[in-house]
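Heads up, the sequence shown is in our numbering, so the first residue is 5 and it goes up one at a time.
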Amino acid sequence: MVMGREELGQRSETVRRANLSAIVRELHLHGPLSRSELVARTGLTRSAIRALIGELVTGELVVEEPALRLGTPGRPSPLVRLATESTVVLALEISIDSLAVAILGAGGVVLEHRRVDRPRGHSTLEEIAADLVDLARAARARRPLGETPIGVGVAVAGIVNRSDGLVSFAPNLGWVDVPLGATLTAGLALPVPVGVANESDLGALAELRRGAARGADDVLYVHGEVGVGGGIIVDGRPLSGIAGYGGEIGHMPINPQGRPCRCGSTGCWETEVGERALLARAGYPLDGGRAAVDAVLADAAAGVPEALAALQSVGRWLGLGLAGLVNILNPRRVILGGLLSRIHPFVADLVEASLDRHALAAPRRLVSVVPSTLGVDAPLLGAAEMAFEPLLADPAAWLGTRGALVQLESA
Ligand SMILES: [Zn+2]
Numbered sequence: 005m006v007m008g009r010e011e012l013g014q015r016s017e018t019v020r021r022a023n024l025s026a027i028v029r030e031l032h033l034h035g036p037l038s039r040s041e042l043v044a045r046t047g048l049t050r051s052a053i054r055a056l057i058g059e060l061v062t063g064e065l066v067v068e069e070p071a072l073r074l075g076t077p078g079r080p081s082p083l084v085r086l087a088t089e090s091t092v093v094l095a096l097e098i099s100i101d102s103l104a105v106a107i108l109g110a111g112g113v114v115l116e117h118r119r120v121d122r123p124r125g126h127s128t129l130e131e132i133a134a135d136l137v138d139l140a141r142a143a144r145a146r147r148p149l150g151e152t153p154i155g156v157g158v159a160v161a162g163i164v165n166r167s168d169g170l171v172s173f174a175p176n177l178g179w180v181d182v183p184l185g186a187t188l189t190a191g192l193a194l195p196v197p198v199g200v201a202n203e204s205d206l207g208a209l210a211e212l213r214r215g216a217a218r219g220a221d222d223v224l225y226v227h228g229e230v231g232v233g234g235g236i237i238v239d240g241r242p243l244s245g246i247a248g249y250g251g252e253i254g255h256m257p258i259n260p261q262g263r264p265c266r267c268g269s270t271g272c273w274e275t276e277v278g279e280r281a282l283l284a285r286a287g288y289p290l291d292g293g294r295a296a297v298d299a300v301l302a303d304a305a306a307g308v309p310e311a312l313a314a315l316q317s318v319g320r321w322l323g324l325g326l327a328g329l330v331n332i333l334n335p336r337r338v339i340l341g342g343l344l345s346r347i348h349p350f351v352a353d354l355v356e357a358s359l360d361r362h363a364l365a366a367p368r369r370l371v372s373v374v375p376s377t378l379g380v381d382a383p384l385l386g387a388a389e390m391a392f393e394p395l396l397a398d399p400a401a402w403l404g405t406r407g408a409l410v411q412l413e414s415a
């Protein structure tokens, strides 16, 4: 096939953008790297790396710093790092009993972080959005004047349509078909897109990039509090379904003789492994919240039989559900987040035994079940990662745009 000049030009432009993306992604995920390390990681030639880094430096996305001489012979290779402080995102989170805000710089560096308690129970969209806007304003006020995020990510404990940020169902908040994305876009009044996604999907993303799932391409993240959600990564990519509603493993029917679920069905997995199941079995009030959960775990650590029995029951149902999911997904790693990471030390043996008994031998051998390493902040950090994604996918679009953003906002 003979290619026209124009077509060749387009193709080389596509290659250039993809190569810039590869470099920025490596720096974002691994931190500062020398040019030689970038050559090794991207497979690009030394001269290509030099030219592309030159572009990124001119466009103020990366900085080159003289390397420290570490006693190795030869000229030290300069370190290339992302311009952390000048390329930032805003991350927000609405969870069952807290709201959180963070500002992160490129490379995932946390520059600002605040989490405040919120009373459990239903809140209107207007209340939550106003609180988040206030938190964001306060966080931005602590940053240099004129700093504008390149994107905003929002994690919410609910089922979300990613295309427009509509929360179709969030039982903890009492929300059905609530336009969270549009309301925050108006409230924040920033000249950048506001992305909204489910907290478990974002927790999975954060654990994959910066936590317990690093290095694994097939991951199941199970986030349990009152509700139980799932984030599924298949072949390095999130499994979201047609609209982003996928991964709702908490509503996997598991016990036909079980309790009614908040979703309207009966015997969903979360009615056996969620917070209320644990509290009910341990003899605590269902709406006892975090304090009651803390008490059950303290009882269990002290050997109180009711607390241990409650945890064992949760552990058995947890193992049973995970066995089915391991058979379906064949993941390398299962990450337990939220309440489930706190109960993991008490139920690890039961879960492993349940996997031995109920999962197919081949996928069972390949999977490990581990607690989250990012803890309560996994969804918030995932929201930041989502907000960074357009930059990582096509940094060329950002070269030299920061001045324009500042002008846009002050206009
Ligand atoms: Zn349900």
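Glycine included, C-beta positions come from ideal geometry on N, C-alpha and C.
Any non-hydrogen atom of ligand 1 closer than 7 Å to residue i Cβ
{"i": "residue 269", "result": "yes"}
{"i": "residue 227", "result": "no"}
{"i": "residue 274", "result": "yes"}
{"i": "residue 255", "result": "yes"}
C-alpha distance - residue i paired with residue j, whole-angstrom precision
{"i": "residue 61", "j": "residue 305", "result": "54 Å"}
{"i": "residue 312", "j": "residue 160", "result": "31 Å"}
{"i": "residue 117", "j": "residue 381", "result": "10 Å"}
{"i": "residue 302", "j": "residue 296", "result": "10 Å"}
{"i": "residue 28", "j": "residue 127", "result": "40 Å"}
{"i": "residue 183", "j": "residue 200", "result": "10 Å"}
{"i": "residue 10", "j": "residue 18", "result": "12 Å"}
{"i": "residue 57", "j": "residue 262", "result": "59 Å"}
{"i": "residue 400", "j": "residue 135", "result": "35 Å"}
{"i": "residue 229", "j": "residue 266", "result": "13 Å"}
{"i": "residue 164", "j": "residue 51", "result": "45 Å"}
{"i": "residue 94", "j": "residue 25", "result": "21 Å"}
{"i": "residue 88", "j": "residue 66", "result": "8 Å"}
{"i": "residue 298", "j": "residue 292", "result": "10 Å"}
{"i": "residue 289", "j": "residue 279", "result": "11 Å"}
{"i": "residue 275", "j": "residue 388", "result": "31 Å"}
{"i": "residue 331", "j": "residue 364", "result": "6 Å"}
{"i": "residue 354", "j": "residue 209", "result": "27 Å"}
{"i": "residue 171", "j": "residue 185", "result": "8 Å"}
{"i": "residue 3", "j": "residue 168", "result": "Lying before the first or after the last residue shown, residue 3 is absent from the chain, which here runs from 5 to 415."}
{"i": "residue 216", "j": "residue 347", "result": "17 Å"}
{"i": "residue 310", "j": "residue 386", "result": "36 Å"}
{"i": "residue 202", "j": "residue 249", "result": "8 Å"}
{"i": "residue 70", "j": "residue 39", "result": "12 Å"}
{"i": "residue 22", "j": "residue 47", "result": "13 Å"}
{"i": "residue 105", "j": "residue 255", "result": "28 Å"}
{"i": "residue 42", "j": "residue 15", "result": "23 Å"}
{"i": "residue 137", "j": "residue 369", "result": "47 Å"}
Exposure of residue i, with buried meaning 16 or more beta-carbon neighbours within 10 Å
{"i": "residue 257", "result": "exposed"}
{"i": "residue 205", "result": "buried"}
{"i": "residue 144", "result": "buried"}
{"i": "residue 317", "result": "buried"}
{"i": "residue 187", "result": "buried"}
{"i": "residue 150", "result": "exposed"}
{"i": "residue 251", "result": "buried"}
{"i": "residue 174", "result": "buried"}
{"i": "residue 246", "result": "exposed"}
{"i": "residue 378", "result": "buried"}
{"i": "residue 12", "result": "exposed"}
{"i": "residue 322", "result": "buried"}
{"i": "residue 417", "result": "For the chain, the structure presents residues 5 to 415; residue 417 sits outside this window and is missing."}
{"i": "residue 358", "result": "buried"}
{"i": "residue 211", "result": "buried"}
{"i": "residue 196", "result": "buried"}
{"i": "residue 371", "result": "buried"}
{"i": "residue 337", "result": "buried"}
{"i": "residue 180", "result": "exposed"}
{"i": "residue 109", "result": "buried"}
{"i": "residue 402", "result": "buried"}
Proximity test, Cβ basis, 8 Å: residue i and chain D
{"i": "residue 341", "result": "In the structure shown, chain D does not exist; there is a single protein chain."}
Quiz prompt | Start-end ranges of the beta strand (DSSP E) lying completely within the segment 174-250, minimum 3 residues | solution = Here the runs fully enclosed are 179-183, 198-202, 223-228, 232-238.
Practice problem: Jot down the residue ranges of each uninterrupted beta strand (DSSP E) in the segment 26-103, minimum 3 residues, whole runs only, in chain order. | Solution: Positions of the beta strand (DSSP E) runs, each at least 3 residues long and wholly inside the segment 26-103, are given as 66-69, 83-86, 92-98 in order along the chain.
Quiz item: Going along the chain, which unbroken runs of the beta strand (DSSP E) with 3 or more residues stay wholly within the segment 349-383?
Solution: Those beta strand (DSSP E) runs which fall completely within the segment 349-383 and span 3+ residues are 372-375.
Quiz item: What are the complete beta strand (DSSP E) segments, minimum 3 residues, inside the segment 270-353?
Solution: As far as the segment 270-353 is concerned, its whole beta strand (DSSP E) runs of at least 3 residues are 337-342.
Self-check item: Ordered list of alpha helix (DSSP H) runs contained in the segment 108-166, each at least 4 residues
Solution: Whole alpha helix (DSSP H) segments, 4+ residues: 129-145.
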